[in-house]
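Everything on this sheet refers to the single structure shown next.
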Amino acid sequence: MKSVFLTLALFCAAPALAQSGEALKPSQVLFVGNSYLYYNDSLHNHAVRMAREAGGEEAPDYNYRSITISGGSLEHHPIAGYLEPGAVGYAEPFDVVVLQGHSAAALSEKRSDSFRKAVAAAAEAAEAHGATLALYMTHAYAEGHKSYAPENIDRIAALYETAAQAHGAVLIPVGRAFEEARRRRPDLALHKEFDYSHPSLEGSYLAAATVFATLYGASPVGLDYDYFGAVDDATAAFLQEVAADVALGAPAATDG
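Below you can see the structure in the form of structure tokens.
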């Protein structure tokens, strides 16, 4: 039954993405970031599993690779070097390079300036290698973190949106998806409760669904993927709907 609704969701999402021209449908993707990506069995694993399920038997041979530095910022990564043929194990160039900045990148002008410079350099390298640049908007700290402030998400969004516009990059609105999920279900913990910063498994699932929806222009609503039973059906369905609404800008397809 889920496959029926997945087909409907994909069909409903297609017109909006065709008009925007932002559906990339990449088969080879490089993720660059820090522990926000590698927590919970690594976001790239969840995202590629969603892509493979959605693609079915006709899906291409998806290759996702993630390079992370614990606590790192984008300026710590030699991104141009990663994109050289064979540098990270792939002879063929990446279709998309996804950049995830430090969680505090928007919280000081010094960090923001470093972020902008790193994105500019990465954009130049991506263009030289024929890759599309995508910016992974980080989620904000949860209440309980020493740097929590309600306005943090707006500062993060402004930094990423401005950088994406400046370099023609695709914006993956993970931070906005977290806020929308929290608004709808404040009882659902999307952050690790020991630090109110890193994503919980549910947070990583939401982020992966948002990445999938953005890169493929397709709704994740109806996907069976639940991290091998670790995310319950109701929660997975809720997170899929939030990701679809935020990434695709329209209500997700639902049963009935």
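All the letters of the sequence shown, read from the start, carry residue numbers -18 to -1, 1 to 238 under mature numbering (1 follows the signal peptide of the UniProt record, and there is no 0). Using N, Cα and C, we set each Cβ at its ideal position, and we do this for glycine too.
Assigned exposure category for residue i - 16 Cβ within 10 Å defines buried
i      : result
Ala41  : exposed
Asp215 : exposed
Tyr21  : buried
Ala212 : exposed
Ser90  : exposed
Gln222 : buried
Gly231 : exposed
Glu161 : buried
Glu66  : exposed
CB of residue i within 9 Å of CB of residue j, strictly
i      : j      : result
Leu115 : Val156 : no
Tyr178 : Tyr123 : yes
Leu188 : Ala225 : yes
Phe97  : Ala87  : yes
Phe220 : Ala159 : no
Leu12  : Tyr18  : no
Ala33  : Ala107 : no
Thr192 : Ala229 : yes
Asp102 : His58  : Asp is not the amino acid found at residue 102; the sequence shown has Ala there. No, Cβ-Cβ distance for Ala102 and His58 is not below 9 Å.
Pro132 : Asp77  : no
Gly71  : Asn16  : no
Ala29  : Tyr46  : yes
Leu205 : Ile154 : no
Leu56  : Ala104 : yes
Alpha-carbon to alpha-carbon, residue j and residue i
i           : j      : result
Ala151      : Phe210 : 33 Å
Ala69       : Pro168 : 43 Å
Ile51       : Ala195 : 26 Å
residue 258 : Tyr130 : Because the chain is modelled from -18 through 238, residue 258 falls outside the range shown and cannot be assessed.
Pro75       : His180 : 30 Å
Ala100      : Thr144 : 14 Å
Leu6        : Val14  : 18 Å
Arg31       : Gln10  : 13 Å
Lys128      : Asp43  : 43 Å
Tyr142      : Lys174 : 23 Å
Pro202      : Asp23  : 19 Å
Gly126      : Gly112 : 42 Å
Ala190      : Asp95  : 27 Å
Pro60       : Asn134 : 28 Å
Asn27       : Gly185 : 14 Å
Thr120      : Arg93  : 14 Å
Asp208      : Ala146 : 31 Å
Ile49       : Arg165 : 32 Å
Where the beta strand (DSSP E) containing residue i begins and where it ends
i      : result
Asn134 : Run containing Asn134: none in the beta strand (DSSP E); it sits in the alpha helix (DSSP H), 134 to 149.
Asn16  : First-last for Asn16: undefined, no H or E at that position.
Ser96  : Note, Ser96: premise wrong, no beta strand (DSSP E); alpha helix (DSSP H) at 91 to 110.
Val79  : 78 to 81
Leu221 : Looking at the DSSP string, Leu221 is not in any beta strand (DSSP E); the run it does join, the alpha helix (DSSP H), is 215 to 230.
Ile49  : 45 to 50
Cutoff 9 Å: residue i Cβ touching any chain C Cβ
i      : result
Gly150 : No chain C is part of this structure, which consists of one protein chain only.
Contact test: residue i Cβ vs the ligand NAD heavy atom, cutoff 8 Å
i      : result
Gly157 : Among the components of this structure there are no ligands whatsoever, and the ligand NAD is therefore not found.
Extent of the continuous alpha helix (DSSP H) run through residue i
i      : result
Arg158 : 156 to 166
Ala33  : 25 to 37
Ser186 : 183 to 198
Ile61  : 61 to 64
### Query
Counting Cβ pairs closer than 8 Å, one from the region 83 to 103 and one from the region 135 to 149, do we hit at least three?
yes
### Task
Evaluate contact between the region 30 to 41 and the region 190 to 205, counting only Cβ atoms and requiring at least three cross-stretch pairs below 8 Å.
yes
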